[in-house]
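K.L.:
Mind looking over this structure? Questions follow.
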Ligand SMILES: Cc1ncc(COP(=O)(O)O)c(C=O)c1O
């Protein structure tokens, strides 16, 4: 028998599956389970008829480049359209700064490969996005968490942690942030804090990686375009690597996203991408480009804001009516897909998964998002994909599960 373990690279030895992907497997095994686990867009919002019309035209065979290899940078007209999107977000950018990626997840992988050596330090929010944790872990970087306040990462703690780590002789290369409707907390970094973070990064010579897939999905009752201004918009010195994606606004199945960064960085990301996939799928890029050119994206955005805001409301109402006030609390989501719910301290949400699956509801345990072992009594609930009815039913099941857990822990401690 071959000992495959002995063949694995050091990096492969550190690779772990994501908790969210595992939940996806549970979900696939049972149709009865109501899933608040993966942050999937609602498939009934996808512009199906526009996509099928566009795809039919593209696949007519008139233009061979539709199914051909393309430049690693991306399809030129799409790059131009993305420069237009960036401009609308307040960022002046050119072709030299942009790279199309196969999902922002690839963007995170490229950032990790290009900017980090083993043992380099990446500062991340506590909690942070699991896909970023995976990308940073795969290059053997060391992640150190920075606590959050209601308006995002705590600046004093950030600087104190940075000084401590540098004092230990280590290199801090990157601060990773999701400023808009963060996955998993839904938090928004305040505008003034964004400015101060940029100034801090300049002072301490750290690059900011700004991951921004949710910014278009602000809920008009509590946030606006002005609240989601990218840090990159004020980045005159080229200190921010900005990532965004069409996954949440058009469809994640197309795997089209982009990086906007200083030209020398983007050139290196392009070289790293060549080794990963040569180029992002040509058909995917063309469909996304056409969807923009024909105004589909513009039309979708207000529809999506209303759709997800209504689901947020349904989930909040269900939590209020199914749980006692002291059983659950959450920061109000002002956009995005997620509600970050804290349960009583005696509950371990990882242990509770089995009981939840048996009751027909799943979530992601908070610990998946903490690199320091925290978050044991927190759950991330994605309200994006299930219907209103399923959200109500799922929250009802969850409340019953939490009550059972509380009863068991009370009995054990007696
Ligand atoms: C914060 C964050 N970054 C990146 C991604 C990956 O998105 P994409 O589908 O573009 O790879 C996600 C997806 O959930 C996300 O929440």
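Residue numbers (my numbering): 150 to 563.
Glycine residues also receive a C-beta, built at the ideal position from the N, C-alpha and C atoms.
It should be emphasised that the depicted structure is a prediction, and the values quoted were computed from it without experimental measurement.
Leaving out the 5 sequence neighbours to the left and right, which residues in its chain are closer than 6 Å to residue 254 when beta-carbon positions are compared?
P.N.:
The sequence position of residue 254 within the chain shown is 105, counting from 1. The answer, listed in chain order, is 280.
K.L.:
Where in the region 422-502 do unbroken runs of the alpha helix (DSSP H), each at least 4 residues long, occur, reported from the N-terminal end onward?
P.N.:
Restricted to the region 422-502, the alpha helix (DSSP H) segments that are unbroken, complete and at least 4 residues in length are 431-442 and 445-471, listed in chain order.
K.L.:
Given this structure, state the Cα-to-Cα distance separating residue 398 from residue 557, to the nearest angstrom.
P.N.:
Locating residue 398 in the chain shown gives position 249, where the first residue counts as 1. Locating residue 557 in the chain shown gives position 408, where the first residue counts as 1. Between residue 398 and residue 557, the C-alpha separation is close to 43 Å.
K.L.:
Do you know offhand how far residue 339's Cα is from residue 346's?
P.N.:
Taking the first residue of the chain shown as position 1, residue 339 is located at position 190. Taking the first residue of the chain shown as position 1, residue 346 is located at position 197. Rounded to whole angstroms, residue 339 to residue 346 spans 10 Å at the Cα level.
K.L.:
Which partner residues of residue 406 appear in the DSSP bridge assignment?
P.N.:
Numbered from 1 along the chain shown, position 257 holds the residue referred to as residue 406. Residue pairing for residue 406: DSSP places it in a beta bridge opposite 250 and 394.
K.L.:
Taking the alpha carbon of residue 343 as the reference point, which residue from 353, 356, 328 and 334 has its own alpha carbon closest?
P.N.:
Locating residue 343 in the chain shown gives position 194, counting from the first residue. Out of 353, 356, 328 and 334, 328 has the C-alpha closest to the C-alpha of residue 343.
K.L.:
Am I right that residue 482 and residue 461 are in contact with their C-beta atoms under 8 Å? What's the rounded C-beta distance?
P.N.:
As a working note, residue 482 is residue 333 in the chain shown. As a working note, residue 461 is residue 312 in the chain shown. Indeed, because the Cβ distance is near 5 Å, the residues count as touching under 8 Å.
K.L.:
Taking 8 Å as the cut-off, does the region 218-238 touch the region 460-478 (at least 3 CB pairs, one atom from each stretch)?
P.N.:
no
K.L.:
Expressed to the nearest angstrom, what Euclidean distance is found between the alpha-carbon atoms of residue 521 and residue 455?
P.N.:
Start at 1 with the first residue of the chain shown, and residue 521 comes out as number 372. Start at 1 with the first residue of the chain shown, and residue 455 comes out as number 306. In a straight line, the C-alpha of residue 521 is about 36 Å away from that of residue 455.
K.L.:
Using a threshold of 7 Å, is the CB atom of residue 254 nearer than that to any non-hydrogen atom of ligand 3?
P.N.:
For the structure depicted, ligand 3 is absent and the ligand set comprises only ligand 1.
K.L.:
Quick one: is the Cβ of residue 188 within less than 7 Å of any heavy atom of ligand 1?
P.N.:
By 1-based counting over the chain shown, the position of residue 188 is 39. Yes.
K.L.:
Closest to residue 335 by CA distance: which of 152, 430 and 368 is it?
P.N.:
As a first step, residue 335 is located in the chain shown; it is residue number 186 there, counting from the start. Residue 368 is the option with its Cα nearest to residue 335.
K.L.:
Relative to the C-alpha of residue 474, which candidate in 492, 213, 418 and 406 has its C-alpha closest?
P.N.:
In the chain shown, residue 474 corresponds to position 325, counting from 1. Of 492, 213, 418 and 406, the residue nearest in Cα terms is 492.
K.L.:
Would you say the beta carbon of residue 355 is closer than 7 Å to some non-hydrogen atom of ligand 1?
P.N.:
For the purposes of this step, residue 355 is taken as the residue at position 206 of the chain shown. Residue 355: no, Cβ never under 7 Å from ligand 1.
K.L.:
Scan the region 235-290 and note each continuous alpha helix (DSSP H) run of 4 residues or more that stays entirely inside, going in chain order.
P.N.:
252-264 and 279-287
K.L.:
Excluding sequence positions up to five away, which residues of its chain have a Cβ less than 8 Å from the Cβ of residue 215?
P.N.:
What you label residue 215 is simply residue 66 of the chain shown in a count that begins at 1. 207, 208, 431, 432 and 435.
K.L.:
If you compare alpha carbons, which of 504, 323 and 164 is closest to residue 283?
P.N.:
Residue numbering aside, residue 283 sits at position 134 when the chain shown is read from its first letter. Measuring from the Cα of residue 283, the nearest candidate turns out to be 164.
K.L.:
Would a C-beta distance cut-off of 8 Å place residue 519 and residue 275 closer than the cut-off?
P.N.:
On the chain shown, position 370 is the one that residue 519 refers to. On the chain shown, position 126 is the one that residue 275 refers to. In contact: residue 519 and residue 275 (Cβ atoms closer than 8 Å).
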